[in-house]
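**Q**
In my numbering, the protein residues as written are 311 to 454.
1) May I ask you to report which of helix, strand or coil DSSP gives residue 383?
2) If you drop the 5 nearest sequence neighbours on each side, which residues of the same chain put their C-beta closer than 7 Å to that of residue 360?
3) Threshold first: 3 residues or longer. Then list the beta strand (DSSP E) segments lying entirely within the segment 357-437, N to C.
4) What residue range does the alpha helix (DSSP H) around residue 322 cover?
5) Under 8 Å, with one C-beta from each stretch per pair, do the segment 400-412 and the segment 357-374 reach the 3-pair mark?
6) Tell me where the alpha helix (DSSP H) around residue 346 begins and ends.
7) Using the three-state DSSP reduction, which class does residue 339 fall into: helix, strand or coil?
8) Kindly examine the ligand NAP and report whether one of its heavy atoms sits closer than 7 Å to the Cβ of residue 388.
9) When the Cβ atoms of the segment 438-448 are set against those of the segment 395-406, are three or more pairs found closer than 8 Å?
10) Please classify residue 448: does DSSP put it in a helix, a strand, or coil?
11) Rounded to whole angstroms, what's the CA-CA distance from residue 422 to residue 376? Just pull it up for me.
12) Touching or not, the segment 374-388 and the segment 330-342, by the rule of three or more beta carbon pairs under 8 Å?
13) Counting pairs of Cβ atoms below 8 Å between the segment 390-397 and the segment 333-351, do you hit three or more?
14) Given residue 349, which residues of its chain have a CB within under 6 Å of its CB, disregarding the five upstream and five downstream residues?
Now the structure itself:
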């Protein structure tokens, strides 16, 4: 993935403006990636670049959050329940990614170097991240 500075290039910002315009026009419905490419008349690469830049600048411009769901595709959303469901889904995905990284890379590394300072530190930090993400992933409004 390109660095943030590359996503904020003048071209990326133009693509982001185009993507934003198309998504605002489609509201409240969303657009799949293919529909977004067709509607914006950008290439798939330009559309991805525009989406990345849009995600980087959305808060500073005061626009509603951008989410992606399988049934609706990309869309701007202000519904708290829908936003929470999206955020929890993303957190669960990251939790799975972290757990696989721990079991496939970090744990075998720790077995090879059980006294290594780096691996002990990494293992401690990743276990903390895993625990925090697990708490967030299991959160529901009923708990509040």
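All C-beta atoms in this analysis are idealised placements derived from N, C-alpha and C, irrespective of residue type, glycine included.
**A** To lay it out plainly:
1) strand
2) 322, 325, 326, 328, 329, 352
3) 376-379, 383-386
4) 320-336
5) no
6) 343-350
7) The answer is coil: DSSP assigns residue 339 none of H, G, I, E or B.
8) What this structure holds is no ligand at all, so the ligand NAP is not there to describe.
9) yes
10) Coil at residue 448, not helix or strand.
11) 43 Å
12) A contact between stretches requires three or more CB pairs, one per stretch, nearer than 8 Å, and the segment 374-388 meets this requirement with the segment 330-342.
13) Under the 8 Å Cβ criterion, the segment 390-397 does not count as touching the segment 333-351, having fewer than three qualifying pairs.
14) So the list reads 332, once near-sequence residues are dropped.
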